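Trainee:
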Amino acid sequence: MNPRKLEKKWRVIWKREGIYKVKDKIKDKKNFYHLVMFPYPSGDLHIGHWYNFGPADVFSRFKKMSGFNVLSPIGFDAFGLPAENAAIKRGIHPKNWTYKNIKTMTVQLESMGNMYDWSRKIITAAPEYYKWTQWMFLQFYKNGLAYRKKASANWCSKCHTVLANEQVVDGKCERCDTQVIQREIEQWLFKITDYADRLLDDLNDLDWPGKTKTMQINWIGKSEGAILNFKITPSARNSAEQTRNNAENKLPRDSASSQRESATAIAVFTTRLDTIFGCTYLVVAPEHSFVASLLSAEQRGLNADLRGILRNKEEVEKYIENAKKKTDLMRTDLAKEKTGVELKGVKAINPFNNEEVSIFVSDYVLGSYGTGAVMAAPAHDERDWEFAKKHDLLIKIVICPNWPAPICPVLEKAFVDDGHLINSGEFTGLKSAEAREKMADWLGKNKLGERKINYKLRDWLISRQRYWGTPIPIVYCEKCGIVPVSEKDLPIKLPDVKNYLPTEEGKSPLAKSEKFVNTKCPKCGAKAKRETDTMDTFVCSSWYYLRYTDPKNNKKFADAKKMKNWLPVDMYIGGAEHSVLHLLYARFFTKVLNDLGYLNFKEPFSALRHQGIILGPDGQKMSKSRGNVIDPDELVKKFGVDAVRMYLCFMGQYDQGGQWNPTGILGTKRFLERIWRFYADAKLQMRQNLQKNKFVDSRQFVNLNRLLHQTVKKVGEDIENFRFNTAISSLMILLNEMEKQNQLSIINCQLFLKLLAPFAPHLAEELWHQFGEKKSIFLQQWPKYNPKLIKKEQFDLIIQINGKMRDKITVSSGISQKETEELVKGREKIKNYLVGKKIVKIIFVQDKLINIVVN
RNA sequence: GCCCGGGUGGUGGAAUGGUUUACACGCACGACUUAAAAUCGUGUGCCGCAAGGCAUGUGGGUUCGACUCCCACCCCGGGCACCA
40 MNPRKLEKKW
50 RVIWKREGIY
60 KVKDKIKDKK
70 NFYHLVMFPY
80 PSGDLHIGHW
90 YNFGPADVFS
100 RFKKMSGFNV
110 LSPIGFDAFG
120 LPAENAAIKR
130 GIHPKNWTYK
140 NIKTMTVQLE
150 SMGNMYDWSR
160 KIITAAPEYY
170 KWTQWMFLQF
180 YKNGLAYRKK
190 ASANWCSKCH
200 TVLANEQVVD
210 GKCERCDTQV
220 IQREIEQWLF
230 KITDYADRLL
240 DDLNDLDWPG
250 KTKTMQINWI
260 GKSEGAILNF
270 KITPSARNSA
280 EQTRNNAENK
290 LPRDSASSQR
300 ESATAIAVFT
310 TRLDTIFGCT
320 YLVVAPEHSF
330 VASLLSAEQR
340 GLNADLRGIL
350 RNKEEVEKYI
360 ENAKKKTDLM
370 RTDLAKEKTG
380 VELKGVKAIN
390 PFNNEEVSIF
400 VSDYVLGSYG
410 TGAVMAAPAH
420 DERDWEFAKK
430 HDLLIKIVIC
440 PNWPAPICPV
450 LEKAFVDDGH
460 LINSGEFTGL
470 KSAEAREKMA
480 DWLGKNKLGE
490 RKINYKLRDW
500 LISRQRYWGT
510 PIPIVYCEKC
520 GIVPVSEKDL
530 PIKLPDVKNY
540 LPTEEGKSPL
550 AKSEKFVNTK
560 CPKCGAKAKR
570 ETDTMDTFVC
580 SSWYYLRYTD
590 PKNNKKFADA
600 KKMKNWLPVD
610 MYIGGAEHSV
620 LHLLYARFFT
630 KVLNDLGYLN
640 FKEPFSALRH
650 QGIILGPDGQ
660 KMSKSRGNVI
670 DPDELVKKFG
680 VDAVRMYLCF
690 MGQYDQGGQW
700 NPTGILGTKR
710 FLERIWRFYA
720 DAKLQMRQNL
730 QKNKFVDSRQ
740 FVNLNRLLHQ
750 TVKKVGEDIE
760 NFRFNTAISS
770 LMILLNEMEK
780 QNQLSIINCQ
790 LFLKLLAPFA
800 PHLAEELWHQ
810 FGEKKSIFLQ
820 QWPKYNPKLI
830 KKEQFDLIIQ
840 INGKMRDKIT
850 VSSGISQKET
860 EELVKGREKI
870 KNYLVGKKIV
880 KIIFVQDKLI
890 NIVVN
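Sequential numbering of the first sequence, starting at 40, is according to this note's numbering.
(1) Out of K562, P530, T571 and E517, point me to the one whose CA is closest to V536's CA.
(2) For a test of the three-state rule: what should DSSP assign to C688, helix, strand or coil?
(3) Do you know offhand how far R55's Cα is from E804's?
(4) So, helix, strand or coil for R497, using DSSP?
(5) Would you call the region 226-234 and the region 173-192 in contact, with 3 or more CB pairs under 8 Å?
(6) Please identify the residue among R422, L711, P671 and D694 whose C-alpha is closest to the C-alpha of P701.
(7) What are the uninterrupted segments assigned as beta strand (DSSP E) that are 3 or more residues long and contained completely in the region 823-850, given in chain order?
(8) Can you tell me which residues form a DSSP beta bridge with H649?
(9) I think G317 touches A418, with their Cβ atoms under 8 Å apart; what is that distance to the nearest whole Å?
(10) Could you say which of N108, F391, K128 and I161 lies nearest to C198 if we only look at CA atoms?
(11) Quick check: what's the CA-CA separation for K630 versus K386?
(12) Is the closest heavy atom of the ligand SAH to the C-beta of K60 under 7 Å?
(13) Going by C-alpha to C-alpha distance, which of S580, P607, K188 and V61 sits closest to L521?
(14) Do A265 and L482 come within 8 Å of each other at the CB atom, strictly closer than that value?
(15) Along the chain, where does the alpha helix (DSSP H) that runs through R237 open and close?
(16) Which of the three DSSP states is assigned to C563 in this structure?
(17) Which same chain residues, not among the five before or five after R497, have their C-beta less than 6 Å away from its C-beta?
(18) Leaving aside the five residues before and after T143 along the sequence, list all residues of the same chain whose C-beta is less than 8 Å from its C-beta, in chain order.
(19) Take I816 and list the residues in its own chain whose beta-carbon comes closer than 6 Å to its own, dropping the five residues that flank it on each side.
(20) What does the Cβ neighbour count give for L238, buried or exposed, with the cut at 16 atoms within 10 Å?
(21) Express the C-alpha separation of S662 and P656 in angstroms, rounding to a whole number.
(22) So, for K880: in the same chain, excluding its five sequence neighbours on each side, which residues have a beta-carbon less than 7 Å away from its beta-carbon?
(23) For G636, collect the residues of the same chain with a Cβ closer than 8 Å to its Cβ; drop the 5 residues on either side in sequence, then sort them by chain order.
(24) Would you check if there are 3 or more beta carbon pairs closer than 8 Å linking the region 119-137 to the region 507-520?
(25) When you compare the CB positions of S9 and E381, do they come within less than 8 Å of one another, or not?
(26) Taking the C-alpha atoms as reference points, what is the distance between D609 and Y583?
(27) How is M40 classed by DSSP in three states: helix, strand or coil?
(28) Can you grab the Cα-Cα spacing for the pair I848 / I837, in whole Å?
(29) Using the Cα positions of E553 and E353, report the straight-line distance between them to the nearest angstrom.
(30) Beta-carbon separation of Y611 and L647 under 8 Å?
(31) Quick check: the region 141-155 against the region 470-486, are there 3 or more CB pairs under 8 Å?
(32) Suppose the cutoff is 6 Å on Cβ atoms and the five residues either side in sequence are ignored; what does the same chain contact list for V322 look like?
(33) Under DSSP, the beta strand (DSSP E) around M76 begins and ends at which residues?
(34) My assumption, with CB atoms under 8 Å, is that F798 sits in contact with M685. Please give the rounded CB distance.
(35) Can you tell which of L460, K870, G409 and R716 has the C-alpha that lies nearest to the C-alpha of K261?
(36) According to DSSP, which residues form a beta bridge with P448?
Structural data, given as structure tokens:
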């Protein structure tokens, strides 16, 4: 057998006969949309792609044979930064580089022999595709979901572009590992935060790995609490040095001081309103506007009483200078000591008890979250505890774990759990959860604050200052301002510029193309300029799964009826690295399009599975510099496609991946060769039998039949559960057994091929046709098993003494306990164990074991 | 620090609370061969000549019986990380 010749032969025939060409509807068949995450055209199909697509193809072939009309498309996520970087490195235009890669990768993908419907191929960098990406942008814009703003953004100085929060890993650029800095820049954002709650709630109904759901939950980071205002007042004491104990000295606030009260207030967000009576100071982030006001020359935004009141201006300025110099990574390092300085001369007033508390500036408070200011209740928060201990501030216990015993423990660390309130005025005695409710009500009633929900999720920054992306369809007119391009003018084509290099100053290379930039205002016709930023490539991939249902449509992103046939996606397979990026964005897009009436479903991917990561033979991540990369093309040359895909299925649990074992693949190669030889023998034998007996009845082979039916059950269930490894091992067991039989039926031989077909499609198809079959094996029905045949008539009964296996006998199924006991006690081996012992107890498990307990 | 996932032979890995080590790789021996490769057969957890004993990261617990359930700890991988 020459696997490569045979495999090529079948790929040609499959293509010629178009057996993978998908019809939108087939009578009496349910549609099944099976999708793999489309590859980025990096230039080579690596083993990770194979691990993703190979076993995924096993699943979709199985579904097809199980009676579904399966859509299994493929395409290319063709825009993006790496194409550009690689193109720059090699001096090739990104477009040429990308399309050249698509060409080679298409050949590689075809060599896998997967059942893709190539007629539905999509390329996100093609104008007929990105026309609709731009159309999506316009819908977002028209509905207030796309907006432009100047704000601090993550800037990668190597890639010369801004990055979404999701693309910053450990404070570094996801792509090139360069330290990300903050830079003020005009940018486009999508309002994903509007969908935070729905993105959270709808996770419940999805058949997704729990881990992936958890990661999205954490990324969205919902926390419920309250926002409350602390009024600011000049320090009542001359000596601002006494920070300690001043919270205990309640200052009865007379009418005079009330009148002098400042209009300035600091809002804080807390999830632990129940600890408010334990608040002994406030902390604001260095970038908080209040600090800036205190320090600035004009002192705008400050009440007259507060102007010029800061007594340690220099100290504060110095601290803030230092904080600015720190990178995000340094600032968020938990191991670091919590530094900070007091704002001397000002105090904040706790709205619940009118106590004056000190205000600190510290970089352990983040300017970007909540209000950029927190109330510190050091007895009940670890960070506040640490800060208070270091700066010798008052720690006041207001939550007691020992209620109703009035004695609270002396704390050695912060007590952060819920408990009962003490020393909390009218709220004393309440449980934490109850107190939070009542206190929030009280805040609202007195107009001092309100309930508030905060999210970690930020709006999605989609503009990139790079060439190789979808142009943002926006025009800037001197008269009309920001004007969206008219839908009929789409696509706004990416010009074929010569100079696509990114620029230092944070402008897209498109800005240099006058032909592109200068245009007319779609509204008033006056001279106008185009937006030159392009979109984040994740925008392209947020809706691609819709396009496969109607990839050639020029009037709509996809026809509604056609989408209805397939969507949402029934099974989505891809890497776990997309847990928060692509998978969150695609969900967001789906919800928006659903709201706008274009889709009748709210979640894009009903079921999701991840493949694991394959490590090099050395147990390290594969990389060219380490020289531990496994080249799938080489493997195919040596072992054939079927052996490679089968080994990928066999090497371990699909979602766990693992270290590449260079010799392991020999096992599946040998297995396939054994099948080949076995069928050559079987054919000969059957030809003889056919002449003699016309037909060999499969009922002659009762034991083999049982194993066959068991295997049908096992393989089907295993594939359904993505347990490809054990499915293959049961096929191996079956072949081992079949080889021992000296007569075989045609029916059984054909049945085995059907079980094999999803794993080794080429070989199975070849052998199938050698039986004289004319239609492809993939147009056959997956075999059904007979549950009655699976039951054993006899089984090995385990005999245990004190829970240890000492003997076993083969007995008939359904044997009674009494019979078993007699049988067992009569055995010499067991008798020896019972000599001089007293039988305490006998455990009998029907059709399994007997355990004699002695002492 | 927190949240997941994992720890089983020489290796990859199997095991509804019931035979630990399926299946495969590797290794050893044998057959075929002038020889080698390929193939086929046999064996292969550890200790021991054997009887037997001991083995699923460590230590406890529940149970007639624990890889599996509970508690504590150690190690590896992944994610999050001052989110108030």
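Glycine residues also receive a C-beta, built at the ideal position from the N, C-alpha and C atoms.
Every value quoted in this text rests on a predicted model; they were computed, and no experiment measured them.
Mentor: This is what the structure holds:
(1) T571
(2) helix
(3) 15 Å
(4) coil
(5) yes
(6) P671
(7) 833-840
(8) G613
(9) 5 Å
(10) K128
(11) 46 Å
(12) With respect to the ligand SAH, the structure offers nothing, as it holds no ligand at all.
(13) With the sequence shown as reference, residue 521 is identified as Ile, and Leu is not the correct amino acid for it. Out of S580, P607, K188 and V61, K188 has the C-alpha closest to the C-alpha of I521.
(14) yes
(15) A235 to D240
(16) coil
(17) N204
(18) G82 and D83
(19) A796, A803, E804 and W807
(20) buried
(21) 12 Å
(22) V892
(23) none
(24) yes
(25) With the chain running from 40 to 894 in the structure shown, residue 9 is simply not present.
(26) 15 Å
(27) coil
(28) 7 Å
(29) 50 Å
(30) yes
(31) no
(32) F399, S401, V404, V413 and A415
(33) First-last for M76: undefined, no H or E at that position.
(34) 5 Å
(35) G409
(36) Bridge partners of P448: none, in fact.
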